[in-house]
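Engineer: Sending over a structure as structure tokens; questions will come in a sec.
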Amino acid sequence: MSHISDNDKNLLEAIKKRIAKASGLSEVSDWVQKDYEFVVFFIEDQTGHRLSLSTVKRIWKNEFERLPHTTTLDILANLAYNKDWHSIKKEHLSPEIQTIPKREMEKKPRKVKSPKLYFLILLAVLLLSVLGTYLLSTISTRSPSKVSEEVSFSYEKTVEGKIPNTVVFRYDIEGVGANRFFLQQSWDSSRKVEIFKGTNERTDIYYIPGYFIAKLFADEEIIKELPIHVTYEDWFMAARQPMEKIYTFSPNLWSKEDYLGIDKRKLAQKGVDLNKKLQLAFYYVIDFGLDGDNFEQTTHFKMEPLEAIDCPIFNLHVQGVDGYYWIMFGNKGCESELEMRLGDVIHNGKNEDLSMFGTSVYEWQKVDVLTKDKEVTLKLNGTPIFSSAYDQSIGPIMEISYFFNGIGMIDNVQLKNINGETIFADDFTKR
Numbered sequence: 002m003s004h005i006s007d008n009d010k011n012l013l014e015a016i017k018k019r020i021a022k023a024s025g026l027s028e029v030s031d032w033v034q035k036d037y038e039f040v041v042f043f044i045e046d047q048t049g050h051r052l053s054l055s056t057v058k059r060i061w062k063n064e065f066e067r068l069p070h071t072t073t074l075d076i077l078a079n080l081a082y083n084k085d086w087h088s089i090k091k092e093h094l095s096p097e098i099q100t101i102p103k104r105e106m107e108k109k110p111r112k113v114k115s116p117k118l119y120f121l122i123l124l125a126v127l128l129l130s131v132l133g134t135y136l137l138s139t140i141s142t143r144s145p146s147k148v149s150e151e152v153s154f155s156y157e158k159t160v161e162g163k164i165p166n167t168v169v170f171r172y173d174i175e176g177v178g179a180n181r182f183f184l185q186q187s188w189d190s191s192r193k194v195e196i197f198k199g200t201n202e203r204t205d206i207y208y209i210p211g212y213f214i215a216k217l218f219a220d221e222e223i224i225k226e227l228p229i230h231v232t233y234e235d236w237f238m239a240a241r242q243p244m245e246k247i248y249t250f251s252p253n254l255w256s257k258e259d260y261l262g263i264d265k266r267k268l269a270q271k272g273v274d275l276n277k278k279l280q281l282a283f284y285y286v287i288d289f290g291l292d293g294d295n296f297e298q299t300t301h302f303k304m305e306p307l308e309a310i311d312c313p314i315f316n317l318h319v320q321g322v323d324g325y326y327w328i329m330f331g332n333k334g335c336e337s338e339l340e341m342r343l344g345d346v347i348h349n350g351k352n353e354d355l356s357m358f359g360t361s362v363y364e365w366q367k368v369d370v371l372t373k374d375k376e377v378t379l380k381l382n383g384t385p386i387f388s389s390a391y392d393q394s395i396g397p398i399m400e401i402s403y404f405f406n407g408i409g410m411i412d413n414v415q416l417k418n419i420n421g422e423t424i425f426a427d428d429f430t431k432r
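Final position of the sequence shown in the numbering used here is 432; the numbers increase by one with none missing.
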């Protein structure tokens, strides 16, 4: 449809407001990147269905010329009012009903269920059931939900242990019925590119190492996911400004100190504007041969003041085959901006007290992560500050990385197994 009626627009706004309120977020005009990411997690937590970050952004920012796909509308309507879009629309338009019936959402811990492809093709099923099993079996071009397991999706790297790294993706989407198809090489929606029937290869380039999940989309639905392990032979340093533009730094630009960092002059030399917000990241990406549900990690970190950064934040990331840790520490007073994910459990500073993660980030801080049988204890400067448990295994550790929303540095990184044996360590004294 090329035009959105006022009724549709008002109904969608009511649904969005109800979901935003239930998720504990403020007015959308105040949202930043992590708020949209949290809505993605919240929707999956409550419904079992995952919408892409780009879809959520487009809907909440009203950046669309036509209504989202009915499948997407049904997910949102069911979350907000426990009914599908067309049922809610009928009730909303009925002269006897002046307001949309309300549904009390369950109050439960926000656990993100393990990613699965839940598919909503109710309308297609109803139509096809009339025609019978015979016609169903003879359809040559089927919906994404019916053929996702049959779609082929593979890749091949052109180099090993090096960056940049070109990857050749191969796919077969000929049997899928959809209007448009896309390939997204990682979590970064800016790297989403359109692909077309009649083709079976697409190359893309990775400028940073990591353990990524590439995705095939049919319209807005993810029909296939593929893990891509882009390894590197040492630490790797990169910056983003904005998030779509990546700057990388060879070791000759790193600080000549007994820690891993980079000074302002070298950042500016590469074109990074220190008067604007930025992200600085350090990566170490290999198969560590370490169980992500039973390990110990120690890291020292600190940051430098920047005029452009009101709330300096440090992020510790441990990526496993099946899940990850994302742990944020911020300067004292910035705790509302913090968020944490431990396996399938999410904690958000907007609706939970995370004041124990506020600290003096301009001084060296020691962070310990201790996990045994999916029971996590976090320590700050030797003092336990938080504990939590999760259900979904994160699997073997494939990457550790650290992110700063400004200039930061790390030191004395260690990874140990459950027996206390050191698997990886770096104090940066021999660089």
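A virtual CB, placed ideally from N, CA and C, is assigned to each residue, including glycine.
Computed from a predicted model, the values in this text were never measured in an experiment.
Could you pull out every residue in the same chain whose Cβ sits closer than 7 Å to the Cβ of Asp274, ignoring the five residues on either side in sequence?
Structural biologist: Gln242
Engineer: Work out the CA separation of Lys277 and Asp323 for me, nearest whole Å.
Structural biologist: Rounded to whole angstroms, the separation of the alpha carbons of Lys277 and Asp323 is 35 Å.
Engineer: Considering only C-alpha positions, which residue in the set Val168, Tyr391, Ile424, Lys367 is nearest to Gly383?
Structural biologist: Lys367
Engineer: Quick check: the Cα distance between Lys108 and Gly25, rounded to an integer number of angstroms?
Structural biologist: Residue placement at Lys108 cannot be trusted, given a pLDDT of 40 that sits under 50; what the coordinates show is reported in the next sentence. Spanning the two alpha carbons is a distance of roughly 12 Å.
Engineer: Excluding sequence positions up to five away, which residues of its chain have a Cβ less than 6 Å from the Cβ of Ser153?
Structural biologist: Asp173
Engineer: In the DSSP assignment, the beta strand (DSSP E) including Glu202 goes from what residue to what residue?
Structural biologist: 202–207
Engineer: Could you give the DSSP three-state label for Leu279: helix, strand or coil?
Structural biologist: coil
Engineer: I'd like to know whether the C-beta atoms of Leu261 and Phe429 end up nearer to each other than 8 Å.
Structural biologist: yes
Engineer: With a cut-off of 8 Å on the beta carbons, I'd call Asp427 and His301 a contact; round off their distance for me.
Structural biologist: Their Cβ separation, rounded to whole angstroms, is 11 Å, which puts Asp427 and His301 out of contact at 8 Å.
Engineer: Have a look at Phe65 and Lys198 and give me their C-alpha separation to the nearest angstrom.
Structural biologist: 25 Å
Engineer: With a cut-off of 8 Å, do at least 3 Cβ pairs link the stretch 246–260 to the stretch 396–407?
Structural biologist: no
Engineer: Within its chain, find whatever has a CB closer than 7 Å to the CB of Lys18; leave out the 5 residues flanking it on each side and keep chain order.
Structural biologist: none
Engineer: Going along the chain, which unbroken runs of the alpha helix (DSSP H) with 4 or more residues stay wholly within the stretch 252–321?
Structural biologist: 265–270
Engineer: Can you find the residues in the same chain that come closer than 7 Å, C-beta to C-beta, to Thr1, ignoring five residues on each side of it along the sequence?
Structural biologist: The question about residue 1 has no answer, for the chain in this structure spans 2 to 432.
Engineer: In whole angstroms, give me the CA-to-CA distance for Ala240 and Trp32.
Structural biologist: When rounded, the distance between both Cα atoms is 23 Å.
Engineer: Quick check: what's the CA-CA separation for Leu121 versus Met329?
Structural biologist: Only weak support is given to the placement of Leu121: the predicted model assigns it a pLDDT of 37, under 50, and the value that follows is read from those uncertain coordinates. Cα to Cα, Leu121 sits roughly 35 Å from Met329.
Engineer: Secondary structure at Val194, three-state DSSP: helix, strand or coil?
Structural biologist: strand
Engineer: Under the three-state reduction of DSSP, which class applies to Met238: helix, strand or coil?
Structural biologist: Three-state result, Met238: strand.
Engineer: Can you tell me where the alpha helix (DSSP H) holding Ile16 begins and where it ends?
Structural biologist: 7–23
Engineer: Using a Cβ distance threshold of 8 Å, determine whether the stretch 414–428 contacts the stretch 303–312, with at least three qualifying pairs required.
Structural biologist: No, because fewer than three Cβ pairs between the stretch 414–428 and the stretch 303–312 fall closer than 8 Å, the two stretches do not touch.
Engineer: If you run the structure through DSSP and keep just helix, strand and coil, what is Tyr37?
Structural biologist: helix
Engineer: Three or more C-beta pairs closer than 8 Å, one from the stretch 179–189 and one from the stretch 216–225: is that the case here?
Structural biologist: yes
Engineer: Smallest Cα separation from Glu364: which of Thr167, Leu291, Met410?
Structural biologist: Met410
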